[in-house]
Each structure stands twice: as C-alpha cells, then as structure tokens.
Amino acid sequence: MADFLVIVESPAKAKTIERYLGKKYKVRASMGHVRDLPKSQMGVDVKDNFEPKYITIRGKGPVLKELKTAAKKAKKVYLAADPDREGEAIAWHLAHSLDLDLDSECRVVFNEITKDAIKESFKHPRKIDMDRVDAQQARRILDRLVGYNISPILWKKVKKGLSAGRVQSVAVRLIIDRENEIKNFQPEEYWTIDAAFTKGKETFQASFYGLNGKKKKLETEEDVNQVLSQLNENEFSITNVTKKERKRNPSPSFITSSLQQEAARKLNYRARKTMMLAQQLYEGIELGKKEGTVGLITYMRTDSVRISDVAKQEAIDVIQSEYGEKFVQQTPPKEKAKSGKTQDAHEAIRPTSAMRTPASVKPFLSRDQHRLYRLIWERFIASQMAPAVMDTMSVDLMNGEVQFRATGSKVKFPGFMKVYIEGNDDQSDEKENFLPDLKEGENAKSENIDPKQHFTQPPPRYTEARLVKMLEELGIGRPSTYAPTLDTIQKRGYVSLDNKRFIPTELGEIVLELIVEFFPEIIDVEFTAKMEKDLDSVEDGQIRWVRIIDEFYKDFEVHLDKAEKEMEKIEIKDEYAGEDCEECQNPMVIKMGRYGKFMACSNFPDCRNTKPIVKEIGVKCPVCKEGNVIERKSKKKRIFYGCDRYPSCEFLSWDKPIDRSCPKCNEMLIEKKLKKGNQIQCSTCDYKEEHQQ
C-alpha cells in the first residue's frame with residue numbers, strides 16, 4: 000500500500016497526478032462532491048442559525064467506502080480538489096466524511112496539472128481554508144432558501160417544474176428587459192452622403208462631415224438637399240491632412256467569461272461546451288508515450304488576468320524564436336480596473352507550456368479540443384507581444400462651405416496582430432483602409448455623390464456571449480455560475496434561442512412578473528451584485544456567513560408569507576395548433592417540451608398522439624415534385640430543409656431552396672448565407688445573382 004493517499008475530483012486528473020508523484024502516492028477520485036444538502040427537503044434549519052443538514056449524495060456510497068478504506072491504510076491523506084471555493088468545500092466535506100483532522104495540513108492546491116506545479120504544491124500543504132468553505136456554504140444555503148421556497152409556490156400557482164434563483168432570475172430579467180426595449184424602440188431617420196473621389200489616377204472614399212468646419216447631422220432628406228444645393232460643381236480642395244501613429248495593445252489572457260465570449264464568437268461554441276472542453280484540457284490529455292498524460296491549460300474558472308513570471312518568460316522565448324525580438328512586448332500595458340472584486344486566487348487561463356504549440360498537440364486532440372486549445376494558446380502568446388502600430392490619416396475636403404472627410408489606416412507594424420486579433424459581437428474587426436498620398440492645397444474631384452436614408456436600429460438581443468459579458472459587468476454571479484445559469488433558464492422554458500439570440504417565452508415573462516411583484520430583491524441587479532460582494536467578504540474573513548443569510552432571510556420570509564396568501568393561480572392555456580388529431584379527431588394544441596414547441600392531442604392522456612411543428616417555406620420538393628419543402632432542425636439546432644414526405648422522399652438541403660428554377664440550367668435555386676449577406680445561387684451550375692443585404 001502506498002504511504003500517501005491523494006484525493007482529487009476526477010479520474011482523468013487522478014491518472015495524470017499519480018504519474019507525476021511516483022510509487023509512494025496513490026491518487027483516487029471523489030467524482031466531485033460526496034456530501035450535499037438533500038434533494039427531498041430544504042436541508043437548512045432556519046431556526047438554528049441556518050444550520051445545514053448534509054447527507055451522502057445518492058450513488059456516492061461505494062466511492063466513499065473505497066476512499067475510507069484507502070485513507071485508513073495511508074500514513075497521510077492529501078485533499079487536492081480544484082483551487083476555488085467549490086474545491087475548498089469538496090475538500091472540507093471529504094475531511095468530515097473520512098474523519099480527518101481539520102487542523103492538519105492536508106489541503107494541496109495547484110493552478111496547473113504539470114509535473115513541476117504538482118511537485119511544488121506538495122511541498123507546501125496547508126489547512127483547509129474555512130473562510131472559503133463558509134463562502135461556498137453561504138452561496139449554497141442562500142440559493143437553497145430561494146429555490147426551495149419560491150419554486151413550490153410557482154408549482155402551485157403556475158405549473159410544475161419551474162424554479163427561481165438569484166442569478167438565473169436576473170439573467171431572465173435582462174433578456175426580457177432587452178426584448179421590451181426592442182418592442183418599444185422608435186426608429187429615427189438619418190441620412191449619410193458618401194462620395195467617390197479621384198486625384199489623378201487614384202480613387203478614395205469620403206463622407207459628408209459638416210458645414211463651415213462644424214459637424215452637422217443629416218436628419219431628413221431636406222437637410223441632404225440643402226447640402227447638395229450648396230455644392231459648386233465637383234471640384235474639392237484638400238484643406239487639411241492629419242497623419243498620426245496609433246498603438247493598439249493586445250488583449251490580456253483569458254478569464255472564464257472572456258473565454259466563453261470569444262469561443263462563442265470565433266468557434267460558435269455554447270458556454271457549456273466551452274467549459275466542458277476546457278475541463279478536459281485542464282485535467283490532462285494523453286500526448287503519446289514520451290510525455291504521457293499532461294494538463295494542457297491552467298485552471299479555467301478564474302477572474303484574474305495575472306500571469307506568472309515563468310510563463311511570461313516561456314512566451315517570450317517562443318515569440319523571439321518564431322517572430323523575432325521586435326515582436327516581444329517591452330512594456331506591459333496597464334491593466335484596466337475591473338468592476339467589483341477580482342479574486343486573483345489563480346492565474347489567467349493559459350497553456351501550461353507555451354512550447355506546446357497547437358500544431359504539436361493536434362494529433363492527440365479531438366477537433367473541438369484542438370480549436371479551443373489553439374484559441375487559448377494564441378491569445379496567451381499575443382498578450383505578451385508588442386503593440387500593433389497603425390498609421391492613420393484624416394483628410395478634409397472643402398467645396399464652398401461643404402466639408403467631406405476621408406479617414407484611412409494601415410498597419411505599419413503588426414505586433415500581436417501577427418498571431419491574434421480579438422473578435423467582437425458586431426463582427427466588425429478593424430480593417431485597413433488605404434488613402435493615396437494627399438497633400439494640403441491640392442484638389443480632388445467627386446465622381447459619384449450618393450445620399451442614403453437610414454433608420455436607427457434597436458439594441459440587439461443577447462447572445463450567450465453578450466449575456467455573460469453583461470452579467471460580469473454588473474457583478475452578477477462568478478466564473479463557475481455563467482454556463483449552468485444559461486443552461487437552466489433554457490431548460491425551464493423561460494427563454495429560447497433563435498438564431499443564437501435569446502428570446503423570452505410567455506412562461507418566462509409570467510414567472511418574472513410574479514417574482515418582480517412578490518420577490519423584488521431577487522431580481523434587483525444591485526441587490527444581487529451586493530450579495531456577491533458580501534460572499535467575497537466572507538471569503539476574506541471579514542463577515543460571518545450566518546449574518547449575511549440572517550439579514551437576507553428576515554425580509555425574504557415576509558415576502559414568502561405574502562406570496563403564499565396573495566399570489567393568484569395562473570392558468571396557462573394551450574395554444575390551438577389549427578388542426579385536429581388524426582387519431583381521435585380532438586383539436587391539437589401546441590406544447591412546450593425540452594427541445595422546444597411541438598403539437599400534442601388535447602385529449603391527453605387518453606390520446607398520446609404528438610407530432611413536430613413544421614414550417615413550410617412555400618416551395619415544392621424538387622425531387623419528388625409532390626411534397627412540400629419544410630424547415631427542420633438538426634439535433635445541434637442547425638436549420639436544414641427537407642421534403643415533408645420523408646422518408647418516402649429523402650430530399651435534404653442545408654441551403655434554403657427558392658421557388659423558381661435556374662434560368663441557365665433549369666435546376667433548383669438556393670439561398671446561400673454569406674458573411675456579406677445572402678446570395679441566390681444555382682444548386683448545380685455556376686449561376687449567381689447579386690448579394691441581398
């Protein structure tokens with residue numbers, strides 16, 4: 000039997016760590032928490048200082064029994080759960096279950112699963128940090144008090160299976176508030192005047208700026224006509240040329256929220272998928288016989304952008320080797336102040352070794368793992384690279400009192416942009432715009448003056464990335480809560496995703512309205528953000544956790560009593576589908592299921608007939624000529640098109656068919672989605688039509 004027992008959370012991590020520690024150490028996995036509050040009851044004694052009642056989680060008996068047997072035979076037990084509050088709590092529960100001395104130095108933490116980091120961490124074991132445990136307990140008990148008190152009321156008054164929580168309710172509120180903004184948005188008219196200019200053989204673009212040196216907004220067509228009427232032919236004089244050099248600094252290495260946002264933008268990954276893949280990369284990947292199982296990235300639940308000096312030096316070595324000395328960052332940019340508290344418990348998310356390039360580990364990773372690892376590696380390397388240098392140019396052109404302005408930029412030195420450029424939600428990354436060498440006093444001619452009418456657009460619906468960013472900015476939740484929160488609000492049917500954007504459901508609006516009326520503090524953004532700060536204070540040892548819960552519960556109990564007595568029962572009526580059941584002739588109704596809406600017989604449970612809701616696009620099937628083409632969704636929610644006579648007819652298309660034939664070959668036309676808009680193309684020949692914006 001080994002001298003030392005090390006307990007981690009997952010088997011993958013256990014396998015990696017055991018190889019580093021050697022024969023004297025036996026590493027076993029607890030498979031996450033072994034104790035928790037019971038599912039069947041509140042499990043919190045509100046009359047006895049909110050004392051929690053912990054029980055062994057169902058199914059964990061055999062695991063716990065095995066750990067107890069191993070612990071009795073070992074000289075010493077080390078608890079090496081994840082380096083966050085949740086990991087600290089798991090270690091504490093394990094210590095209780097295994098009868099370990101809580102004052103012993105049995106806790107080991109590491110930010111990365113590499114040989115050096117693991118061996119170093121075992122040189123410095125410490126006691127379990129009870130302040131961190133209490134912060135986790137406070138969150139768990141707080142969420143239990145909210146969920147297990149409000150949810151039963153919603154079951155009685157609305158429908159079974161509903162839930163309410165501090166973070167999820169705020170997330171739903173943000174989505175509904177945004178939807179209301181969009182509904183109430185009043186578009187405002189505005190105009191632009193663009194023009195193509197020539198100077199000698201060179202051409203460039205400029206836009207109307209103002210009159211007589213003052214910027215002017217064009218709000219109506221009358222404003223435009225007034226400007227155009229002041230133009231004297233097409234000769235413009237260049238009155239001002241401003242050239243500047245501008246530096247653009249790289250983004251810091253990822254934290255949890257920025258990783259989720261960037262993976263959504265660049266890889267089209269949902270938050271849950273991103274965290275699942277990151278967990279796999281952190282716990283260890285088999286890299287062949289030479290290296291064995293290695294953790295490829297540092298811990299992925301973090302809100303700190305700090306990077307160790309050793310990691311920085313390794314990145315510098317890679318940059319010097321691959322790109323040259325001039326690409327190395329000489330003066331690190333000042334870090335932006337973060338709202339709320341950055342826990343800084345561990346580093347930013349980075350590769351455990353910059354030397355493991357994405358290309359070198361690609362043979363050992365799945366496609367999805369490799370794409371995420373490459374994103375993390377490139378972001379980290381770029382964060383240690385020199386700023387990009389942009390040459391910018393601004394040119395003013397005058398015709399009488401009418402002023403046009405042209406702006407351009409080009410990359411003088413790419414710096415970090417050689418490796419990585421951060422994405423954004425509007426998909427409008429900075430692009431080069433060259434202007435010819437223009438000088439003051441010279442003339443240019445306008446070739447084509449093009450006035451256009453526009454209308455202001457409502458704010459966009461939240462994508463997962465936008466919502467995570469907003470929750471972080473408001474101080475709602477912590478790195479570990481974002482992905483499960485987004486999952487929960489969809490599973491409960493409060494919101495749905497349409498074209499990767501959140502739309503509230505009728506059920507979500509009903510539930511939020513009730514919570515706003517009877518539990519206003521739960522969805523109050525400032526209250527929820529303050530609660531997060533209070534939990535941080537518990538972790539710092541400044542406040543006792545019982546005090547926070549007690550202050551919250553005094554008011555909450557009053558609201559609960561009022562809701563029980565005054566909340567009216569709401570009947571959500573089924574929406575008729577407009578057709579009858581083919582089995583019993585009763586009307587079909589629209590129901591909300593786990594995967595969205597579907598049709599079901601209103602005579603349930605006597606008749607259990609169900610069928611999917613199909614969306615016809617008004618096109619006859621090009622294969623069988625009898626069926627209609629309908630819109631369908633794959634298991635991964637991707638839209639495709641098929642014949643409604645399937646499986647008799649197996650016509651399928653990822654592109655939307657058009658209700659006319661190709662004028663060139665008479666085959667099916669399709670609508671192809673492109674970055675610059677949609678384009679109608681032939682499915683067979685090379686026929687194409689103009690882009691549709």
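In numbering that gives the first Met the number 0, the protein residues as written are 0 to 692.
Where is the CB? At the ideal position from N, CA and C, for every residue including glycine.
It should be emphasised that the depicted structure is a prediction, and the values quoted were computed from it without experimental measurement.
| Asked | Found |
| --- | --- |
| Would you mind giving the Cβ-Cβ distance between PHE363 and GLY287, rounded to the nearest angstrom? I have them listed as a contact below 8 Å. | 7 Å |
| Given a cut-off of 8 Å on the beta-carbon distance, is the pair ASN48 and VAL545 in contact? | yes |
| Indicate whether ARG659 and LEU668 have their beta-carbon atoms separated by less than 8 Å. | yes |
| Which same chain residues end up closer than 6 Å to GLY339 when comparing Cβ atoms and leaving out the 5 residues on each side of it in sequence? | Note that GLY339 has pLDDT 46, beneath the 50 cutoff, so the model's placement of it is unreliable and the number below is only indicative. Cβ within range, chain order: GLY474. |
| Taking the alpha-carbon positions, what's the ASP2 to THR292 distance? | 23 Å |
| Once DSSP output is grouped into helix, strand and coil, what is the label at TRP653? | coil |
| Compute the Euclidean distance between the alpha carbons of SER39 and GLU290, then round it to the nearest angstrom. | 47 Å |
| What is the DSSP secondary structure of LEU466, reduced to helix, strand or coil? | helix |
| Provide the residue(s) that pair with VAL108 in DSSP beta bridges, ordered along the chain. | None; VAL108 has no bridge partner. |
| If you measure between the beta carbons of TYR208 and ARG404, is that distance less than 8 Å? | yes |
| Give me the residue from TYR322, ALA464, ASN432, PRO458 with the minimum Cα distance to GLY422. | ALA464 |
| Could you compute how far the alpha carbon of PRO586 sits from the alpha carbon of ILE571? | 17 Å |
| Could you spell out where the beta strand (DSSP E) holding ILE502 opens and where it closes? | 500-503 |
| Looking only at DSSP bridge pairs, what is CYS600 linked to? | MET587 |
| State the start and end residues of the unbroken alpha helix (DSSP H) segment that holds VAL89. | The question names Val, but residue 89 is Ile in the sequence shown. Unbroken alpha helix (DSSP H) run through ILE89: 84-96. |
| What do you reckon, are the CB atoms on LEU534 and ALA28 nearer than 8 Å? | no |
| Based on Cα-Cα distance, which residue from GLY641, PRO621, LYS632, GLN229 lies nearest to ASP497? | LYS632 |
| Comparing alpha-carbon positions, which option in GLU688, ILE616, ARG378, ILE318 lies nearest SER252? | ARG378 |
| Between ILE318 and the rest of its own chain, which residues show a CB-CB distance below 7 Å, the 5 nearest in sequence each way excluded? | PHE326, VAL327, ILE380, GLN383, MET384 |
| Short check: CB of PHE196 to CB of PHE235, under 8 Å? | yes |
| With H, G and I counted as helix, E and B as strand and the rest as coil, what does DSSP make of PHE363? | helix |
| Using a beta-carbon distance below 8 Å, is MET416 in contact with chain C? | Absent from the structure: chain C. Only one protein chain is present. |
| Can you tell which of CYS681, ILE149, LYS214 has its C-alpha closest to the C-alpha of GLN402? | LYS214 |
| For GLU563, which option in ALA70, GLU65, SER150 has the closest C-alpha, if you only look at C-alpha atoms? | SER150 |
| Which same chain residues, not among the five before or five after ALA69, have their C-beta less than 7 Å away from its C-beta? | LEU4, LYS25, ARG27 |
| Just how far apart, CA to CA, sit GLU400 and GLY212? | 8 Å |
| So, with DSSP's three-state summary, where would you put TYR268? | coil |
| Compare the beta carbon distance of ASN110 and TYR298 with 8 Å and say whether it is the shorter of the two. | yes |
| Take GLU285 and list the residues in its own chain whose beta-carbon comes closer than 6 Å to its own, dropping the five residues that flank it on each side. | THR292 |
| Taking C-beta to C-beta, are HIS371 and LEU266 nearer than 8 Å? | The amino acid at residue 371 is misidentified as His; the sequence shows Leu. Yes. Within cutoff. |
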